[in-house]
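Going line by line, the protein sequences match chains A and B.
Position one of the first sequence corresponds to residue 9 (this note's numbering), numbered consecutively onward.
Position one of the second sequence corresponds to residue 9 (this note's numbering), numbered consecutively onward.
All residues carry an ideal CB built from backbone N, CA and C; glycine is no exception.
Just so we're clear, the structure is a prediction, and the values are computed from it rather than from any experiment.
Protein chains: 2
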Amino acid sequence: MTQKDPALKKRANLRDVAKAAGVSVATVSRVLNEPGVVKKDTLERVQKAIAELRFVPSAAARAINSGRTRFVGALIPTLDNAIFARFLAALERRLSEDGLSLIVATTESDLDVEAKKAKGLVDIGAEGLIVTGATHGAEFYDLIERTMIPAIITSYFDDTNPLPTIGYDNKAAAQLALQHLIDLGHRRIAVVHGPVHNNDRTLARLSGLHSVHKNRELTTVETEISLRGGAEAAAKIVSNSNKPDAILCLSDVVALGVLFGLQSKGLRVPDEVSLMGLDDLPSSAVAVPSLTTVHLPVSRMGERSASALARWISTQKRPEAEKLEARLIKRNSTIRNTVFNT
Amino acid sequence: MTQKDPALKKRANLRDVAKAAGVSVATVSRVLNEPGVVKKDTLERVQKAIAELRFVPSAAARAINSGRTRFVGALIPTLDNAIFARFLAALERRLSEDGLSLIVATTESDLDVEAKKAKGLVDIGAEGLIVTGATHGAEFYDLIERTMIPAIITSYFDDTNPLPTIGYDNKAAAQLALQHLIDLGHRRIAVVHGPVHNNDRTLARLSGLHSVHKNRELTTVETEISLRGGAEAAAKIVSNSNKPDAILCLSDVVALGVLFGLQSKGLRVPDEVSLMGLDDLPSSAVAVPSLTTVHLPVSRMGERSASALARWISTQKRPEAEKLEARLIKRNSTIRNTVFNT
DNA sequence: TTGACATATGTAACTAGTTTCATCAACCTT
DNA sequence: AAGGTTGATGAAACTAGTTACATATGTCAA
């Protein structure tokens, strides 16, 4: 009672192991970190003690010395869109291979929330950050600059950005989609997209469309990125007197919603209107009709981002930007338009 | 050069602040933790120094003393199913209100992976765990018992479980669904469910069905929990000579997949076959036809789990199990069956 | 005016690791 | 056999905080 009560034994620490093995704490630390320099005989004795006491080195104590906390933070707009969930899943998988944990923070696409959560992550010792898009608040950039924390921008490619970007060329991806519809003979095209406020991905996609559209009719509808948002956009488009012969949605979730919206209004896809998405969710291949779309390699993006961040952290060398190729996936929701064909 | 190079200034620490403010480290620590006991004059001086040096206390150093790391881990099967993504989103939102960070770990429904990742989380200092379902490996339970770490089971209610469970009565939820189909006059019912291996949620749902079905025909199809899995199950069911007049899917994702599968085979829902889900995803309300289902309050479950875990951690008092009510959501994918009606 | 007590602050020990430097023995060289 | 090198280990200082205890003041009552 006076000194220690062995009954309420806490987690064993280095000293306990050292005492049990009859060595100094330095030796135990060496067994943990550079077992090569310890004599085989001693090594085994210490390892036995470690196993018997079920010793696990305290991550906090390690962090205090090495400055390495072994976790990174990901700031993503939402988990409600499958595209981010898929990205995160790949990210987490790859990071855990490198012995890094992932702390998830959602921003609801609010720059202030993002800055606040980014600061929180840095304060608790995140070794790196994964962020979505290149549009962030001054506070955020200030934080990155001050702390010089490795931060990678994803979902967005721009090799002139001061931070490394790993993503696709959103502009090109949108153009790929629009070009396909044009190639099919569509002229009156409605575009449905998510909120543009502070969203550079959507903005880039839209700008791509405008530079392709030339003299064509291109009406745009902004809606929430969700099935419901898509369905509502569809209702709006159908109620319009001047119906389009194709609808291009700048994300698959929205396209699926539009599909449902059109179905509920009795419009057949693709016979009466062609429909195209952009993302290529697993769902899109299964929908009826299956959705023509542009494949964005989100899982690959997760893996590449994780690798790049892990390497950045360990080597201190800022990685290069990486462009991931988007590619057209032709399926059954688009059909040739014969009316306007010459 | 001999001592310190002020040019490469690291993060300021307690000592730096103490020196700048002309007080001892203890006083700075007090300013941080119990500002009430510090004289107003001194308090302001220290706070000024903190602000000027942009001092942020090291979470690691705090953790080493207090044992508090301020993060918890969530072990979920996958992020690919929207239901878990929604759960996580709510969990993260609520935890961050309590100043707790969330480390996400996916298990791919593999008990060994789960045990390994759980150990990893505990080793790095997680203060609590959120796990899915009550079926876990011996290794996992051993870990929980040894470390006595607060761990909450979700998606599953069972007030006899040694760990607190916060979830719904899966058995009752499935019965609610089946009863609805029966009430509508359906007799030949096909059940589509996800993998049963190590999945107590699915198992419970199935057991609920068997205790209701009595003399009714109840064929079951196991498939992957995804739209594709659902579509494949639909193909299988349709190819069977003895077609059901209703299909009950034990998760909404699968139901949506079945819907697509039926559509691609030219079967009309609900005219030719009633379709029912279980989960109530946002998508289900938007699908055409909208999906009759049983609502499971996942967001609420995330909030309740987060609160309970936060409280458990701070008070050391194990929370009680919580049952969240499932409720029937009648929509347009089910219709009265007149053939078998008396 | 002295003792009692509260208030405010400092000193130093403590948390659990890593790391530098010193020590000592063993082996090799000349 | 003296000196140099290498290998293995330990003592103690160090990381960045918290906290128990000591001390210095100030206020008030007897």
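Residue 334 of chain A is positioned such that its CB atom lies closer than 8 Å to that of residue 181 of chain A.
If you draw a straight line from the Cα of residue 19 of chain B to the Cα of residue 92 of chain B, it is about 38 Å long. Burial check for residue 183 of chain B: the Cβ neighbour count within 10 Å reaches 16 or more, so the residue is buried.
By DSSP's assignment, residue 335 of chain B forms a beta bridge with B:303. Excluding sequence positions up to five before and after residue 198 of chain B, its CB lies within less than 6 Å of the CB of 227, 245, 252, 255, all in the same chain and listed in chain order. The beta carbons of residue 161 of chain A and residue 141 of chain A sit about 7 Å from each other, so the pair counts as a contact at 8 Å. Excluding five sequence positions before and after residue 39 of chain A, the CB atoms of its chain that fall closer than 7 Å to its own CB belong to 46, 51, 54, 55, given in chain order.
Following the DSSP letters along the chain, one finds residue 81 of chain A inside the beta strand (DSSP E) bounded by residues 79 to 84. Classified as exposed, residue 248 of chain B has fewer than 16 neighbouring CB atoms from the shown chains inside 10 Å of its CB. Under a 10 Å Cβ-count criterion, residue 342 of chain B is classified as buried, with 16 or more other Cβ atoms of the shown protein chains found around its own Cβ. Residues of the stretch 138 to 153 of chain B whose Cβ lies closer than 8 Å to any Cβ of chain A: none. With respect to the 8 Å criterion, residue 259 of chain A and residue 233 of chain A are classified as neighbours on the basis of their beta carbons.
Rounded to the nearest whole angstrom, the CA to CA distance from residue 241 of chain A to residue 173 of chain B is 41 Å.
In this chain, the alpha helix (DSSP H) harbouring residue 292 of chain B covers 290 to 294. Taking a Cβ-Cβ cut-off of 8 Å, the neighbours of residue 97 of chain A in chain B comprise 86, 87, 88, 114, given in sequence order.
Contact note: residue 44 of chain A does not reach chain B at a C-beta cutoff of 7 Å; the least C-beta distance is about 23 Å.
In the DSSP annotation of this structure, residue 134 of chain A is not part of any alpha helix (DSSP H), being labelled neither H nor E.
Unbroken alpha helix (DSSP H) stretches of 4 residues or longer found wholly inside the stretch 82 to 129 of chain A: 90 to 105, given in chain order. Cβ-Cβ separation between residue 267 of chain B and residue 277 of chain B: approximately 6 Å, consistent with a contact (criterion under 8 Å). Of the other Cβ atoms in all chains shown, fewer than 16 fall within 10 Å of the Cβ of residue 205 of chain B; this residue is therefore exposed. Per DSSP, the unbroken alpha helix (DSSP H) holding residue 59 of chain B starts and ends at 48 to 60.
In terms of beta-carbon proximity, residue 58 of chain A stays away from the interface with chain B, with every pair separated by 8 Å or more. Against chain B, the CB of residue 302 of chain A has no partner CB under 8 Å away; the residue lies outside that interface.
With contacts defined by Cβ atoms closer than 8 Å, residue 167 of chain A and residue 329 of chain A form a contacting pair. Separation of residue 61 of chain B and residue 123 of chain A (C-alpha to C-alpha, rounded to the nearest whole angstrom) is 20 Å. Residue 116 of chain B is classed as exposed because its beta carbon has fewer than 16 other beta carbons within 10 Å across all chains shown. Contact annotation: in the stretch 178 to 210 of chain A, no residue has its CB less than 8 Å from a CB in chain B. Judged by DSSP in its simplified three-state form, residue 238 of chain B adopts helix.
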